[in-house]
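This report concerns only the one structure given below.
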Amino acid sequence: MRNKNNRWGLWTAIALTCLMTLGCGLFSRFGFNTTSKATPTPTTINGGGGVLPVSDPCKDLSGTLELQLLIGPSDAVGLKPYTMAEIPFIVKHEGDAFLVEGGGPVQYYEDVLEAEWGSFTVKFEGDTTVSGECVSKDEKGVLNVNLVMNGSQTVEVIVEGVMTTFPWEGTPQLSTSFPIEDGAQQEGEGWVLILHLN
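The numbering used here numbers the first residue of the sequence shown as 652 and each following residue consecutively.
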């Protein structure tokens with residue numbers, strides 16, 4: 652009877668791992684593409700007839716993008732599902748455009764499920780790069796962000812002392828837009844991105 656339970660656990664672990672390996676590519680389907688053009692800095696006329704520049708929300712803009720990323724295999728077996736990244740960025744004025752630059756590491760993730768049949772371990776690490784453009788109009792602005800992540804993940808399943816490893820590496824990316832407001836957020840399947848302004 653115990654042998655049947657062990658086999659059931661093995662096949663369950665393998666089936667879950669196969670499903671989760673398919674789920675690793677979810678991040679690559681995230682987001683939606685946006686295109687935009689830089690617009691000239693708007694101006695207003697003062698009472699004396701002179702022209703005063705309106706404050707451009709893109710000028711000297713900086714902050715962090717908080718990424719909450721679902722690690723698919725963890726969620727499927729009941730482990731803690733999310734890892735985080737705090738991605739610093741700045742906006743640089745180049746010609747007529749305000750360009751977004753930044754990047755940073757994703758917090759290293761490791762979690763283990765211990766069971767009678769053995770164990771299930773998930774490890775994930777990644778590094779992010781942010782680019783894009785800040786577009787302003789009438790004292791309001793939009794931050795168009797492209798986020799690219801170089802990620803690697805390893806799932807290790809041990810059943811009756813036999814270890815099977817399922818590695819994954821990829822470069823998923825997403826494109827999304829934020830109003831220039833502290834705390835603005837966008838989300839999709841398996842991810843949340845929150846804008847924090849300095």
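Where a beta carbon is used, it is the ideal one built from N, C-alpha and C, also for glycine. This structure is a prediction, so every number in the text was calculated from the model and none was measured.
Beta-carbon contacts of LYS774 that lie in its chain and below 6 Å, excluding the five residues immediately before and after: These residues qualify, in order along the chain: GLU761 and THR805.
Per-residue DSSP class, three states only, for PRO724: Of the three classes helix, strand and coil, the one that applies to PRO724 here is helix, per DSSP.
Member of GLU840, ILE738 and SER826 whose CA lies at the smallest distance from the CA of GLY783: Per the Cα distances, SER826.
Alpha-carbon spacing of LYS743 relative to SER725, whole angstroms: Each residue's alpha carbon lies about 38 Å from the other.
Contacts around PRO691, its chain only, beta-carbon distance under 7 Å, and the 5 residues preceding and following it disregarded: Residue confidence for PRO691 is low, a pLDDT of 41 falling below 50, so the modelled location carries little weight; the figure read from the coordinates is stated next. Apart from the 5 residues on each side of it in sequence, PRO691 has no Cβ closer than 7 Å to any other Cβ in its chain.
Beta-carbon gap between VAL728 and LEU764 smaller than 8 Å: Their beta carbons are under 8 Å apart, which means VAL728 touches LEU764 by this criterion.
Per-residue DSSP class, three states only, for TRP768: Residue state, collapsed to three classes: coil.
Pair within 8 Å by beta-carbon distance, LEU798 and VAL781: Taking 8 Å as the cut-off, the Cβ atoms of LEU798 and VAL781 count as close.
VAL813 burial status per 10 Å Cβ neighbour count (16 or more: buried): With fewer than 16 other Cβ atoms within 10 Å, it is exposed.
Reduced DSSP category for ASP762 - H, G, I as helix; E, B as strand; rest coil: In the structure shown, ASP762 sits in a strand (DSSP, three-state: E or B).
ALA736 classed as buried or exposed, judged by whether at least 16 other C-beta atoms fall within 10 angstroms: ALA736 comes out buried.
Chain-order list of residues whose beta-carbon lies under 6 Å from that of CYS709 (same chain, five-residue window excluded): Closer than 6 Å at Cβ, skipping near neighbours: VAL742, PHE749, CYS785, SER787 and GLY792.
Boundaries (first-last residue) of the beta strand (DSSP E) holding PRO818: Its beta strand (DSSP E) spans residues 813-821.
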